[in-house]
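One structure is given below, encoded as structure tokens.
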Amino acid sequence: MNNKYENEIMKIMRNKFLRFPIFDVFHDFVSWTTLSIRQALEVNNAKGIESRMQDFCQKYDEKERRAMVEMYALLVEAMDYAARLGEYTDILSRIFQGLEIHSKSAGQFFTPWHIAYFSAKITFQPEEVKKKIEEQGYITAYEPTVGGGTMILALAQVMQEAGFAPQKELLIYATDIDYRCACMTYIHASLYALPAVIQHGNELTQEVFGRWFTPVYVCDLWLFRDKFMRERRHRDEAKMATVGGISKSPPRTNSGTKENKRGNKAVVEQLVLPGLQ
79 MNNKYENEIM KIMRNKFLRF PIFDVFHDFV SWTTLSIRQA LEVNNAKGIE
129 SRMQDFCQKY DEKERRAMVE MYALLVEAMD YAARLGEYTD ILSRIFQGLE
179 IHSKSAGQFF TPWHIAYFSA KITFQPEEVK KKIEEQGYIT AYEPTVGGGT
229 MILALAQVMQ EAGFAPQKEL LIYATDIDYR CACMTYIHAS LYALPAVIQH
279 GNELTQEVFG RWFTPVYVCD LWLFRDKFMR ERRHRDEAKM ATVGGISKSP
329 PRTNSGTKEN KRGNKAVVEQ LVLPGLQ
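Residue numbers for the sequence shown follow my numbering, so the first one is 79 and each next one is one higher.
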């Protein structure tokens, strides 16, 4: 893949945010991008997201905010270029390591693409996948320490090369304890149009600090197809129903759909999803 977009993003981060450590700039960029995507989806959390977006506006001046938008545009171009080549490149992880801000002390290293691709290639079984898709319409992939999403993106590419449609036939669950990594994976899955549920959380203790749904997951109504999330939703509502031993009614989840002009596809008019942060 042509890395001119990645180089330009790194150049902007280094040259247009001189008041801040490069580590903070990358963190804020992936956080701001994640919030921007989620803002259009999370009706029940609109005020909270807007408040956090305002924090970024106060932190950065006008030129720096424009630079953020410029980087986002370059990221979209980079991912569009990769998609047109039939690739699911882990762009943000490459930028992260290119800036040399990964945590060596925490043993934080991202899986190289060729290793992730090789692993996906040797474990992918087309006949088994075909059988599963015929049974339930899709397969699921789960990554408990997802990093920037390299492994799931490699799986999506191998799946596509085998003649399947990962945007419609691959449902992703991914978790990472590092907030930046969760954001990176969410951005990748969102902009590559993959249905996914991304969690910022600790798999060892089962703590969940945030759970985010990609646009395709919401707009294609995966919530009503996804057995795991339906069960998870019921458990979450049961938890919220009892606070300090006092039974309370769980918050209502309202959803509505309307037919588009062609009348051949239901689109989301309003969808309030539980468990969002």
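Glycine is no exception: its CB is placed at the ideal position from the N, C-alpha and C atoms.
Expected contact under 8 Å - CB spacing of V224 and T283 to nearest Å: To locate residue 224, count along the sequence shown from 1; it is residue 146. To locate residue 283, count along the sequence shown from 1; it is residue 205. Their Cβ separation, rounded to whole angstroms, is 17 Å, which puts V224 and T283 out of contact at 8 Å.
Have a look at the DSSP bridge pairing and note the partners of F291. Taking the first residue of the sequence shown as position 1, residue 291 is located at position 213. Note: F291 sits in a beta bridge opposite V275.
Assigned exposure category for A234 - 16 Cβ within 10 Å defines buried: The residue you call residue 234 lines up with position 156 of the sequence shown. A234 is buried by the Cβ-count criterion.
For L96, report the span of its beta strand (DSSP E) as first-last. What you label residue 96 is simply residue 18 of the sequence shown in a count that begins at 1. That residue, L96, is in no beta strand (DSSP E); it is neither H nor E in DSSP.
Any chance you could list the alpha helix (DSSP H) runs of at least 4 consecutive residues sitting entirely within the region 100-146, in chain order? Fully enclosed alpha helix (DSSP H) runs of 4 or longer: 100-117 and 124-137.
Near G176, what residues of its chain come up, given a Cβ to Cβ distance below 7 Å and the 5 sequence neighbours on each side ignored? On the sequence shown, position 98 is the one that residue 176 refers to. E84 and M88, listed in sequence order.
Within the same chain, show all residues whose beta-carbon is closer than 7 Å to that of S268, passing over the 5 residues directly before and after it, in chain order. In the sequence shown, counting from the first residue as 1, residue 268 sits at position 190. Only I115, T292 and P293 meet the Cβ criterion.
Ignore the nearest five residues each way along the sequence and tell me which others in P222's own chain have a CB closer than 7 Å to its CB. As a working note, residue 222 is residue 144 in the sequence shown. Once the five neighbours on either side are set aside, the close Cβ partners of P222 are T253 and E281.
I265 to F104 span [Cα, whole Å]: Counting from one through the sequence shown, the residue named residue 265 turns up at place 187. Counting from one through the sequence shown, the residue named residue 104 turns up at place 26. Cα to Cα, I265 sits roughly 13 Å from F104.
Alpha-carbon spacing of E86 relative to T112, whole angstroms: Start at 1 with the first residue of the sequence shown, and residue 86 comes out as number 8. Start at 1 with the first residue of the sequence shown, and residue 112 comes out as number 34. Roughly 20 Å separates the two Cα atoms.
Name the two residues that bound the continuous beta strand (DSSP E) containing A252. Taking the first residue of the sequence shown as position 1, residue 252 is located at position 174. Where A252 is concerned, the enclosing beta strand (DSSP E) stretches over L248 to D254.
Please say whether F98 and H146 have beta carbons closer to each other than 8 Å? For the purposes of this step, residue 146 is taken as residue 68 along the sequence shown, with counting starting at 1. For the purposes of this step, residue 98 is taken as residue 20 along the sequence shown, with counting starting at 1. In the sequence as displayed, the identity of residue 146 is Met instead of His. No, Cβ-Cβ distance for M146 and F98 is not below 8 Å.
Tell me the residue span of the beta strand (DSSP E) that contains I217. Start at 1 with the first residue of the sequence shown, and residue 217 comes out as number 139. Residues I217 to E221.
Close Cβ partners of S171 (< 8 Å) along its chain, the five nearest in sequence each way excluded: The count along the sequence shown starts at 1 and reaches residue 171 at position 93. Counting only Cβ-Cβ distances below 8 Å, and skipping sequence neighbours, we find F188, G225, G226, G227, T228 and M262.
Among D158, K141 and E213, nearest to L96 - alpha-carbon criterion: Numbered from its first residue, the sequence shown carries residue 96 at position 18. Nearest option by C-alpha distance: K141.
Quickly, what does DSSP pair V374 with across the bridge? List them, please. Examination of residue 374 is not possible in this model, given that the chain is present from 79 through 355 alone.
Our contact map puts A274 next to Y295 with C-beta atoms below 8 Å; I'd like the distance itself, whole angstroms only. What you label residue 274 is simply residue 196 of the sequence shown in a count that begins at 1. What you label residue 295 is simply residue 217 of the sequence shown in a count that begins at 1. About 6 Å separates the two Cβ atoms, so the contact holds.
Contact under 8 Å by Cβ, Y379 with Y220: Any property of residue 379 remains undetermined from this structure, which presents the chain solely from 79 to 355.
Do L249 and W300 have their beta-carbon atoms positioned less than 8 Å apart in this structure? Residue mapping note: residue 300 aligns to position 222 of the sequence shown, counting from 1. Residue mapping note: residue 249 aligns to position 171 of the sequence shown, counting from 1. Result yes, Cβ atoms of W300 and L249 sit closer than 8 Å.
DSSP three-state call for N81: helix, strand or coil? Residue numbering aside, residue 81 sits at position 3 when the sequence shown is read from its first letter. Here N81 sits in coil by DSSP.
Count the other CB atoms, across all protein chains shown, that sit within 10 Å of the CB of Q277; report buried if there are 16 or more and exposed otherwise. Start at 1 with the first residue of the sequence shown, and residue 277 comes out as number 199. With 16 or more Cβ atoms within 10 Å of its Cβ, Q277 is classed as buried.
How long is the line joining the alpha carbons of M237 and K210, rounded to whole angstroms? The sequence position of residue 237 within the sequence shown is 159, counting from 1. The sequence position of residue 210 within the sequence shown is 132, counting from 1. Using only the alpha carbons, I get a separation of about 13 Å.
Please report how far the alpha carbon of F134 lies from the alpha carbon of W110, in whole angstroms. Working through the sequence shown from its first residue, we reach residue 134 at position 56. Working through the sequence shown from its first residue, we reach residue 110 at position 32. Distance between the alpha carbons of F134 and W110 is about 8 Å.
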